[in-house]
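Protein chains: 6
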Amino acid sequence: MIYLSRKEYFCASHRLFNEKYDDQKNMEVFGKCSNPAGHGHNYELIVTIVGEPDPETGMIMDLKKLSDIIKREIIDKVDHKNLNVDVDFLKGIIPTTENLAIVFWKILEPKITQGKLYSIKISETEKNMTEFKG
Amino acid sequence: MIYLSRKEYFCASHRLFNEKYDDQKNMEVFGKCSNPAGHGHNYELIVTIVGEPDPETGMIMDLKKLSDIIKREIIDKVDHKNLNVDVDFLKGIIPTTENLAIVFWKILEPKITQGKLYSIKISETEKNMTEFKG
Amino acid sequence: MIYLSRKEYFCASHRLFNEKYDDQKNMEVFGKCSNPAGHGHNYELIVTIVGEPDPETGMIMDLKKLSDIIKREIIDKVDHKNLNVDVDFLKGIIPTTENLAIVFWKILEPKITQGKLYSIKISETEKNMTEFKG
Amino acid sequence: MIYLSRKEYFCASHRLFNEKYDDQKNMEVFGKCSNPAGHGHNYELIVTIVGEPDPETGMIMDLKKLSDIIKREIIDKVDHKNLNVDVDFLKGIIPTTENLAIVFWKILEPKITQGKLYSIKISETEKNMTEFKG
Amino acid sequence: MIYLSRKEYFCASHRLFNEKYDDQKNMEVFGKCSNPAGHGHNYELIVTIVGEPDPETGMIMDLKKLSDIIKREIIDKVDHKNLNVDVDFLKGIIPTTENLAIVFWKILEPKITQGKLYSIKISETEKNMTEFKG
Amino acid sequence: MIYLSRKEYFCASHRLFNEKYDDQKNMEVFGKCSNPAGHGHNYELIVTIVGEPDPETGMIMDLKKLSDIIKREIIDKVDHKNLNVDVDFLKGIIPTTENLAIVFWKILEPKITQGKLYSIKISETEKNMTEFKG
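Protein chains in written order, with our numbering: chain U, 1 to 134; chain V, 1 to 134; chain H, 1 to 134; chain E, 1 to 134; chain Z, 1 to 134; chain P, 1 to 134.
Okay, structure coming up:
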């Protein structure tokens, strides 16, 4: 079994808050990430699939096709957007990287038809990374 | 003459728009950077001073002090903030990296008392960089 | 299960040697890493925890709190230090990245109370990396 | 068990094509990677071994020795070469990163005598990565 | 005056050789870069323009437009290509980074109509960089 | 005129202190960089020369030769060393990056016979950089 990964980028703003909490409670729980007018990041998204290379091509999957799927299903929806407001599939979800990884998995898993989805990694800064393996 | 640089980071959201334009005109001029609900970046800020090392210390300026000045004057005001809304010294300014560099220069220039301020570099993504030399 | 990682940095000096060996034997075994007056590195430390996000917050653990624990328990003790001389919890230990990872695990494992410690990664140069999973 | 990794680099050219296909079919399957006169990359190769540190040295394996093996067995054969033409152990193999990882594993696995080979990672651009675990 | 830079990437193969030299002389002069079947790199290209921001937009030039020019004039012609064979504007030119920088300058200089072209930087590996300022 | 740069690395330990000061004064001036038992860094050294490419080769200077000079004159003397103790040409010099850049310039300037030495850049961490232009 071989693991094949593709990295893509998106720039977005977000605010971490739970609408059941008041502003003070949100600040206690989420700190500066709960600034009411939001803040933002350059996100890195790494999608890893697992499978066996096709002997005819030496590839599990054409990385161009994998890139196209990630861009069409995820990047085009979240890049240069406000994750709290602009993205249908994030409505009602606190946009932590943990939650983003779970949502992105649900969207991408059925689209991967050569090999299988293995992992979603998201980093929101160079120091903060999340991985979800389904 | 020796050039000494310190890099710091901040995460912020912004929207590029001119309030004299309507939304359509803003979209024509600023593209996806004018998304009404904003987007965001991990910014890198590199401040360079120029001078001669003090023979007693071998340093133009203690980098810890340079870092403290940058953090106190800039980073603490813009990190985890919305650049259009939350920052006093950016009121009325379109927050392009060009404009940020000019504003940050004006703030930092009088604070550098060992050596002189030489350059402000800001990158908003790994592919986009601006430098201002006063 | 979701994996959440935080990266921190420290700068330290060390010398690889076994006090039971003489200088010649140490040079044979450890090469230039056994220079008697030491050498140093910018270390990267990545701490990964595993768990399920709290539905109230979307987080396994507040990354600010994880960062604070790593800084208080590890970074403050080893940053800008000589690993052979200055660090209580490294006394008598050859400071290879393998041994550092094991020691850091023992220190951090009981401090992680939301989720569980999953992995300690240390790189001593961009080309050399170690991972310990307990 | 501890995982110890060493990264090395090589620069090479390649063309992705199946000699059973005509040029048009190769272009359909491999896209611009099938440019007849080839193209090239700066490859990163990360070799990971797993084992227990020797209590005498604190090391699974001397990283200098691991680096020497990787350079002698792999890098010296592929660096500044055309992977389709110049490399004996790649004759008849479509030089995708998936296939490179499998071939490199077969070559390196018997050479690792302290600890065991655990993983071969190859990235051909910053966005494309492959891992093989044997 | 403000300096605005855009980074783009391309992957290409090349061989350094002077057709007036025989293979032995080429090897003496260009070393392993003269491997007859070629080798390749992931190139980074940084294009810097200089100018004053338009007060209406806060921009010297829309970075999207700068990126489009670089892609149309340079990247589309050299990416996934053999620089010795496939590129019209490199015919008869030894494809060192020095020569690439000069050629790219000549192509891009007349296309920059907001601000002026200031510098072309090319790196062929992380360790080798060239800059041309016209 | 074209600028050609080569990056090399070294790992070293150092302590910042002025032997005319007592320990308390050194701590006041140099902070944690004055830890008596030292600390260390992975240094990056970028050497830039300026000149015109030879029409026969397309190169100002063979980068392999530039790399060999830097390694022989600098890296072999400072890598895996203690900069306060082990290096002849640093005796009596406070090893700040400012002072290192000046010393390295004096050593390298007469060795560059194709083109001329233009700049020495040293970074001691990813956040701290120095440049000297002679």
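From the three backbone atoms N, C-alpha and C, an ideal C-beta is built for every residue, glycine too.
Top-ranked residue by Cα proximity to residue i, from the options
i, options, result
"Glu56 of chain V", "P:Lys64, P:Lys25, P:Gly115", "P:Lys25"
"Val29 of chain V", "V:Ile94, V:Ile2, V:Ser5, V:Glu124", "V:Ile94"
"Lys32 of chain U", "V:Val78, V:Glu44, V:Phe104, V:Lys127", "V:Val78"
"Asp51 of chain Z", "Z:Met129, Z:Lys116, Z:Asn128, Z:Lys127", "Correcting the residue identity first, residue 51 of chain Z is Gly in this sequence and not Asp. Measuring from the Cα of Gly51 of chain Z, the nearest candidate turns out to be Z:Lys116."
"Ser123 of chain V", "V:Ala37, V:Asp68, V:Cys11", "V:Cys11"
"Leu4 of chain Z", "Z:His80, Z:Leu63, Z:Asn99", "Z:Leu63"
"Ser13 of chain E", "Z:Asp22, Z:His39, Z:Ser34", "Z:His39"
"Ser67 of chain H", "H:Val87, H:Leu45, H:Thr96", "H:Leu45"
"Asn84 of chain U", "U:Asp23, U:Thr113, U:Leu16", "U:Leu16"
"Ile113 of chain V", "V:Gly92, V:Val87, V:Lys65", "One detail in the question is off: residue 113 of chain V reads as Thr in this sequence, not Ile. Taking only the C-alpha atoms, the option nearest Thr113 of chain V is V:Lys65."
"Ile75 of chain H", "H:Phe104, H:Pro53, H:Gly92, H:Lys91", "H:Phe104"
For residue j and residue i, believed in contact at Cβ under 8 Å, the rounded distance
i, j, result
"Ile119 of chain V", "Lys133 of chain V", "Residue identity differs from the one stated: residue 119 of chain V is Ser in this sequence, not Ile. Going by Cβ atoms, the distance from Ser119 of chain V to Lys133 of chain V rounds to 5 Å, so yes, they are a contact pair."
"Lys20 of chain U", "Glu73 of chain U", "Their Cβ separation, rounded to whole angstroms, is 30 Å, which puts Lys20 of chain U and Glu73 of chain U out of contact at 8 Å."
"Asn42 of chain U", "His80 of chain V", "Actually they do not touch by this definition, with Cβ atoms about 14 Å apart."
"Glu98 of chain H", "Ile60 of chain E", "6 Å"
"Lys58 of chain P", "Thr96 of chain Z", "Residue identity check: residue 58 of chain P is Gly in the sequence provided, not Lys. Yes, Gly58 of chain P and Thr96 of chain Z are in contact; Cβ-Cβ is about 4 Å, under 8 Å."
"Glu8 of chain Z", "Lys91 of chain Z", "Between Lys91 of chain Z and Glu8 of chain Z the Cβ distance is about 22 Å, and since that is not below 8 Å, they are no contact."
Residue j beta carbon less than 8 Å from that of residue i
i, j, result
"Arg6 of chain V", "Asn128 of chain P", "yes"
"Ile2 of chain E", "Thr48 of chain H", "no"
"Asn82 of chain Z", "Ala37 of chain E", "yes"
Completely contained alpha helix (DSSP H) runs for the region 86 to 121 of chain Z, where each covers 4 or more residues: Here the runs fully enclosed are 97 to 108.
Every unbroken beta strand (DSSP E) inside the region 34 to 91 of chain Z [3 residues or more]: 39 to 51
Minimum length 4: unbroken alpha helix (DSSP H) runs contained in the region 8 to 36 of chain E: The region 8 to 36 of chain E contains these whole alpha helix (DSSP H) runs: 23 to 30.
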